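*Asks:* Please see the structure below; I have some questions.
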Amino acid sequence: MSTPYRYTAELAGEIEKKWQDRWEREETFNAPNPAGALADGRAELKEPFYLLDMFPYPSGKGLHVGHPLGYIATDTLARFARMQGKNVLYTMGYDAFGLPAEQYAVQTGQHPRVTTEQNIANMRRQLRRLGMSHEARRSVATTDTDFVGWTQWIFLQIYNSWYDTEAPGRVAGTVGRARPISELVEEYERGKVATPDGRPWAELDAAERRRAVDARRLAYIDYAPVNWCPGLGTVLANEEVTAEGRSERGNFPVFKRELRQWMMRITDYADRLAHDLDYVDWPEKVRLMQRNWIGKSHGAKVTFAAHTAEGDVTLEVFTTRPDTLFGATFMVVSPEHPMLGGSGVPTEWPEGTKEAWTGGAGTPMGAVMDYQRQASMKSDMDRADDAREKTGVFTGIYATNPVNGKQIPVFTADYVMMGYGTGAIMAVPAHDQRDFDFAKAYDLDIVPTMKPADGFEWESAWEEDGEIIDSANEEISLNGMYKAEAVAAMSDWLAAKGLGKATVTYRLRDWLFSRQRYWGEPFPVVYDADGNAHALPESMLPVDLPDTPDYSPRSFDPDDASSNPEPPLGRLQDWVNVELDLGDGPQMYTRDTNTMPNWAGSCWYELRYLDPHNAERFVAPAVEEYWMGPREGKVAGGADLYVGGVEHAVLHLLYARFWHKVLFDLGHLSSFEPFYKLFNQGYVQAYAYTDSRGQYVPADEVEEVAAADASGEVTYVYQGEKVNREYGKMGKSLKNIVTPDEMAEQYGADTFRLYEMSMGPLDVDRPWETRAVVGSQRFLQRLWRNIVDEETGELVVVDGEADLETAKLLARTIVGVREDYEGMRINTAIAKLIMLNNHLTGREVPRSVAEAIVLMVAPVAPHVAEELWSRLGHDQSLAFAPFPQVADESLLAEDTVTAVVQVRGKVRDRLEVPADISAADLQAMALASEKVAKFLEGEPRKVIVREPNLVNIVP
Numbered sequence: 001m002s003t004p005y006r007y008t009a010e011l012a013g014e015i016e017k018k019w020q021d022r023w024e025r026e027e028t029f030n031a032p033n034p035a036g037a038l039a040d041g042r043a044e045l046k047e048p049f050y051l052l053d054m055f056p057y058p059s060g061k062g063l064h065v066g067h068p069l070g071y072i073a074t075d076t077l078a079r080f081a082r083m084q085g086k087n088v089l090y091t092m093g094y095d096a097f098g099l100p101a102e103q104y105a106v107q108t109g110q111h112p113r114v115t116t117e118q119n120i121a122n123m124r125r126q127l128r129r130l131g132m133s134h135e136a137r138r139s140v141a142t143t144d145t146d147f148v149g150w151t152q153w154i155f156l157q158i159y160n161s162w163y164d165t166e167a168p169g170r171v172a173g174t175v176g177r178a179r180p181i182s183e184l185v186e187e188y189e190r191g192k193v194a195t196p197d198g199r200p201w202a203e204l205d206a207a208e209r210r211r212a213v214d215a216r217r218l219a220y221i222d223y224a225p226v227n228w229c230p231g232l233g234t235v236l237a238n239e240e241v242t243a244e245g246r247s248e249r250g251n252f253p254v255f256k257r258e259l260r261q262w263m264m265r266i267t268d269y270a271d272r273l274a275h276d277l278d279y280v281d282w283p284e285k286v287r288l289m290q291r292n293w294i295g296k297s298h299g300a301k302v303t304f305a306a307h308t309a310e311g312d313v314t315l316e317v318f319t320t321r322p323d324t325l326f327g328a329t330f331m332v333v334s335p336e337h338p339m340l341g342g343s344g345v346p347t348e349w350p351e352g353t354k355e356a357w358t359g360g361a362g363t364p365m366g367a368v369m370d371y372q373r374q375a376s377m378k379s380d381m382d383r384a385d386d387a388r389e390k391t392g393v394f395t396g397i398y399a400t401n402p403v404n405g406k407q408i409p410v411f412t413a414d415y416v417m418m419g420y421g422t423g424a425i426m427a428v429p430a431h432d433q434r435d436f437d438f439a440k441a442y443d444l445d446i447v448p449t450m451k452p453a454d455g456f457e458w459e460s461a462w463e464e465d466g467e468i469i470d471s472a473n474e475e476i477s478l479n480g481m482y483k484a485e486a487v488a489a490m491s492d493w494l495a496a497k498g499l500g501k502a503t504v505t506y507r508l509r510d511w512l513f514s515r516q517r518y519w520g521e522p523f524p525v526v527y528d529a530d531g532n533a534h535a536l537p538e539s540m541l542p543v544d545l546p547d548t549p550d551y552s553p554r555s556f557d558p559d560d561a562s563s564n565p566e567p568p569l570g571r572l573q574d575w576v577n578v579e580l581d582l583g584d585g586p587q588m589y590t591r592d593t594n595t596m597p598n599w600a601g602s603c604w605y606e607l608r609y610l611d612p613h614n615a616e617r618f619v620a621p622a623v624e625e626y627w628m629g630p631r632e633g634k635v636a637g638g639a640d641l642y643v644g645g646v647e648h649a650v651l652h653l654l655y656a657r658f659w660h661k662v663l664f665d666l667g668h669l670s671s672f673e674p675f676y677k678l679f680n681q682g683y684v685q686a687y688a689y690t691d692s693r694g695q696y697v698p699a700d701e702v703e704e705v706a707a708a709d710a711s712g713e714v715t716y717v718y719q720g721e722k723v724n725r726e727y728g729k730m731g732k733s734l735k736n737i738v739t740p741d742e743m744a745e746q747y748g749a750d751t752f753r754l755y756e757m758s759m760g761p762l763d764v765d766r767p768w769e770t771r772a773v774v775g776s777q778r779f780l781q782r783l784w785r786n787i788v789d790e791e792t793g794e795l796v797v798v799d800g801e802a803d804l805e806t807a808k809l810l811a812r813t814i815v816g817v818r819e820d821y822e823g824m825r826i827n828t829a830i831a832k833l834i835m836l837n838n839h840l841t842g843r844e845v846p847r848s849v850a851e852a853i854v855l856m857v858a859p860v861a862p863h864v865a866e867e868l869w870s871r872l873g874h875d876q877s878l879a880f881a882p883f884p885q886v887a888d889e890s891l892l893a894e895d896t897v898t899a900v901v902q903v904r905g906k907v908r909d910r911l912e913v914p915a916d917i918s919a920a921d922l923q924a925m926a927l928a929s930e931k932v933a934k935f936l937e938g939e940p941r942k943v944i945v946r947e948p949n950l951v952n953i954v955p
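In structure tokens form, the structure reads like this:
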């Protein structure tokens, strides 16, 4: 029997292209702004809903099926929100600066802009083919000239600002905010803010005044420890360095160096960045990660006298437990600590130094220098790893413990870093496990100052609170106290003696903002002959990247730690040396040859989406307030929903929040948080297969062979040879890549979308299984067949009312699917639609039921839904058609039973289901259960259904 109108991949492709072209032609998804360039007169503005994806880097490899998981989910939610009557802002931009494009340009000789734009075009094509309802006119790339100009403008807002800790905040009841740098000068003049050295402003000369102002800027130049990679010729961010202290790209050695860099004073915002996490709806684990990264700690700074070869010097430490000072038996300083420079380290070991401390060889100076070189090749992540073996070197220096006068040795160890506290710690091994491990390794004294619980063995540190013991001198006794009281008492004593004071410190460090690369935003500053920085006026923005045939920074011998960066822009002397009139007549200046990191564009792109064609402002105030301003239940404002991977939980989110808060403080924004609700999607992972040599073989050519006996064992065979299966990420090198283009070609984009959304809960990782995609295709084929005759193409729906059974199931489905979409449980919404679709199969389908199921399917499978809606007689797109409602609430009353779902015989979930549920529908609901999904990897081998009471799943 001929079925020319059967819903096949070929027909799906025709339908999908037709509707993609129409949506583009009619600008279906354009969302009007309250005023300005994007206001298009589409009736009065509705309730805004700003839905945002973490925008991607446009890789030359394009998308594989794992990449669009979050995008398909947000597109589904965007389409559902439009059907709820909301004005939905939903678009996609591209984070297009960065090292990969630059390195590809170096390899191929093509300008990075050419390859980047090609990659963007390819990604846009792929996303269009998947039916994304992105608003094209709002799309931006961080490399767009106007976007670069506004990024540079924001940099200047930060540069021309300072943080006043005493000023009333813009949020009621808060204190502290950024203010224009001109107001700092006024405060200096009035004497309200003290100058760095305390002298009156009037007594400072011009150079001193400049230094006083620069010392408070939120963007400033300083010497800072950086990750210098000679083999790549550039400084790397921490996340670009492996745990082994090598570059992620190229596997070159990375060294710690002090270089003159642009910095951002994000530490001024540490308290607000931590406190304001209470105003956002984020996963608790992400908020905890941010708080830990900020690392606010209450304690005291304590002054020790260190006895160096150059004489006594002050060695200041930060400790959260000053009450344990009597148990401090040694000290540890960072390898980068300034005390270890110069000639402070002795050239001979002190008499009586223990063999375990020195290894019996070399001089203290030589040992310290060797250790500093070793530490410079390790990443901060590796150094902070508490699980690794502790290493260190005795410096030959002793210090005096201020509470008991004991001389204690000073070590240098890489687990102490200059970025936290003072770069020096007092070690109390009895009550800190890290210090305990170090003390054991180096045969150092362990002196308890807290009484442990009965029966405690000193095989580890006692880190719990306990009664203070053996902690008294002639002036103070902490004995008998507990932590809180003892900390306060010791802090007061230290302050009275001039030996310390209570203080707060942070793990967060100021943000290193310079890169020795070509492919980034140039800094909008120039330097005069004395090396002073001058901000360019807004009229000179944007500062465009000059063209050059050589994009690579000068690379060096990978092991040459003494080399210095030479950025590519430094070779363009005609661009670097420029004559400008900045108000004092024409003068020669030099440009900064570093560029900004690619973090810069991703710090504010969500704001430019709002008003991308505004040439006068980075965003109009009324537009920002409409889309992102505070509303009831969302006092901080921000995008309504931000979806992306948890790998960006700290740095990107922290940096973007910082920029947003500065702009808020300066009066440019009404919202003080950029992202109100955050959702981290899981990942699509894949099986890969290796042969006996350990070589990867094509995953799509591997056959699964079940055992002939009843054991249920499965083996995997490639070209007659047994291969090993492993589970993890997709990658070309693993030969397990599947692209969305392949899926759209073989099954249709709607089938691919439906499959990805039905694989499991959105926030859970799930394995890709190409063979399982056919199930989603069959659902759409059945839906099509329930409405369209496959032989004639005519509608098969009927007029009239649905029977009571169908009406009840439809009512339940409408309520359930709506709740699931609202709760981002797209997989369970699909399971409910499968149940309804199965019920309709083989029956006469009333038009009202057909229209309802088409509308409910539309968010996840929009092309086929649009086509069926059109065939049902509607001229307009269903994009804004109201989501179905239940007209008769009595239809929702129904008898249900509890179905038990077992995995390997153990109860994993209980489902309330209709008493007359079919086996197929019960199976679909069981497999869609979030609780059940945790115990499955891929498609189960067997599912036993005893409707309506039992489902037993064999993985």
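Going by full-length UniProt numbering, the sequence shown opens with residue 1, and the numbers climb by one from there.
Idealized CB from N, CA, C, for every residue including glycine.
Fair warning: this is a prediction, and the values are worked out from it, not measured in the lab.
So, T422 versus P409, is the Cβ gap smaller than 9 angstroms?
*Replies:* No.
*Asks:* Short check: CB of N680 to CB of V646, under 9 angstroms?
*Replies:* Cβ distance < 9 angstroms, so N680 and V646 count as in contact.
*Asks:* By a C-beta neighbour count over all protein chains shown, 10 Å radius and 16 as the cutoff for buried, is N577 buried or exposed?
*Replies:* Its Cβ having fewer than 16 others within 10 Å, N577 is exposed.
*Asks:* Would you identify the three-state DSSP class for Q777, choosing helix, strand or coil?
*Replies:* Note: Q777 maps to helix in three-state DSSP.
*Asks:* For E579, write down the residues that DSSP places opposite it in a beta bridge.
*Replies:* E579 is bridged to M588.
*Asks:* Grouping DSSP H, G and I as helix and E and B as strand, with all else coil, what is I787?
*Replies:* Reduced to three states, the DSSP call for I787 is coil.
*Asks:* Ends of the alpha helix (DSSP H) at Y626?
*Replies:* Counting along the chain, the alpha helix (DSSP H) containing Y626 begins and ends at 621-628.
*Asks:* Label Q781 either buried or exposed according to how many other C-beta atoms from any shown protein chain fall within 10 Å of its C-beta, with 16 as the threshold for buried.
*Replies:* Buried, since its Cβ has 16 or more Cβ neighbours within 10 Å.
*Asks:* Taking C-beta to C-beta, are D530 and Q587 nearer than 9 angstroms?
*Replies:* Result no, Cβ atoms of D530 and Q587 do not sit closer than 9 angstroms.
*Asks:* Any heavy atom of the ligand FAD closer than 8 angstroms to the beta-carbon of S247?
*Replies:* Within the structure as shown, the ligand FAD is missing, as the structure has no ligands at all.
*Asks:* From the DSSP secondary-structure annotation, give me the bridge partner or partners of K301.
*Replies:* Per DSSP, F318, K501.
*Asks:* Whole angstroms is fine: what's the gap from I221's alpha carbon to V302's?
*Replies:* Going by the C-alpha atoms only, they are around 29 angstroms apart.
*Asks:* Here's the rule: buried if 16 or more other CB atoms are within 10 angstroms of the residue's CB, otherwise exposed. What is E135?
*Replies:* The residue is buried, with at least 16 neighbouring Cβ atoms inside 10 Å.
*Asks:* Rank G13, A495, T770 by C-alpha distance to the C-alpha of R129 and give the top, closest one.
*Replies:* Here the closest residue by C-alpha is G13.
*Asks:* By how many angstroms is the C-alpha of A858 removed from the C-alpha of R79?
*Replies:* Distance between the alpha carbons of R79 and A858: 8 angstroms.
*Asks:* Which of helix, strand or coil does DSSP assign to D197?
*Replies:* It is coil, neither helix nor strand.
*Asks:* Take D557 and list the residues in its own chain whose beta-carbon comes closer than 7 angstroms to its own, dropping the five residues that flank it on each side.
*Replies:* Around D557: P230.
*Asks:* Please return the same chain residues whose Cβ sits closer than 6 angstroms to the Cβ of E244, not counting the five positions on each side in sequence.
*Replies:* Contacts found: none.
*Asks:* Could you check the C-alpha separation between R249 and A309 for me, to the nearest Å?
*Replies:* Roughly 42 angstroms between the two C-alpha positions.
*Asks:* If you drop the 5 nearest sequence neighbours on each side, which residues of the same chain put their C-beta closer than 7 angstroms to that of A919?
*Replies:* Here the set comprises V945, E947.
*Asks:* Between V943 and A899, which are expected to be in contact by the criterion C-beta below 8 angstroms, what is the C-beta distance as a whole number of angstroms?
*Replies:* About 13 angstroms; that fails the 8 angstroms criterion.
*Asks:* Using the rule of at least 16 other Cβ atoms within 10 Å of the residue's Cβ for burial, across every protein chain shown, is N456 buried or exposed?
*Replies:* Note that residue 456 is Phe in the sequence shown, not Asn. That one is exposed.
*Asks:* When DSSP builds the beta bridges, which residues end up paired with W511?
*Replies:* In DSSP, W511 forms a bridge with M264.
*Asks:* Under the three-state reduction of DSSP, which class applies to L651: helix, strand or coil?
*Replies:* Three-state DSSP puts L651 in a helix.
*Asks:* Quick one: what's T308 bridged to in DSSP?
*Replies:* BP columns for T308 point to G311.
*Asks:* Taking the alpha-carbon of R179 as reference, which of L63, R22, K732, K661 has the nearest alpha-carbon?
*Replies:* With distances taken between Cα atoms, R179 lies closest to K661.
*Asks:* Once DSSP output is grouped into helix, strand and coil, what is the label at D164?
*Replies:* Of the three classes helix, strand and coil, the one that applies to D164 here is strand, per DSSP.
*Asks:* Ignoring anything shorter than 3 residues or poking outside the stretch 196-229, list the beta strand (DSSP E) runs there in chain order.
*Replies:* Complete beta strand (DSSP E) runs here, min 3: 219-229.
*Asks:* In angstroms with no decimal places, state the Cα-to-Cα distance between residue 956 and V738.
*Replies:* This structure leaves residue 956 out entirely; the chain is present only between 1 and 955.
*Asks:* Mapping the DSSP letters down to three states, classify M450 as helix, strand or coil.
*Replies:* In this structure, M450 counts as strand in the three-state DSSP scheme.
*Asks:* Start and end of the alpha helix (DSSP H) containing L156?
*Replies:* Element bounds for L156: 145-159.
*Asks:* Tell me the DSSP bridge mates of P914?
*Replies:* For P914, which the question treats as bridged, DSSP gives the partners T896.
*Asks:* For E606, does the count of other Cβ atoms within 10 angstroms reach 16, so buried, or fall short, so exposed?
*Replies:* Under this definition E606 is a buried residue.
*Asks:* Indicate the three-state DSSP secondary structure (helix, strand or coil) for F556 in the structure shown.
*Replies:* F556 falls in the coil class under three-state DSSP.
*Asks:* Check for me: the alpha helix (DSSP H) holding D53 runs from which residue to which?
*Replies:* Here D53 belongs to no alpha helix (DSSP H); instead the beta strand (DSSP E) covers 48-53.
*Asks:* Using DSSP with H/G/I as helix, E/B as strand and the rest coil, what is D909?
*Replies:* Strand.
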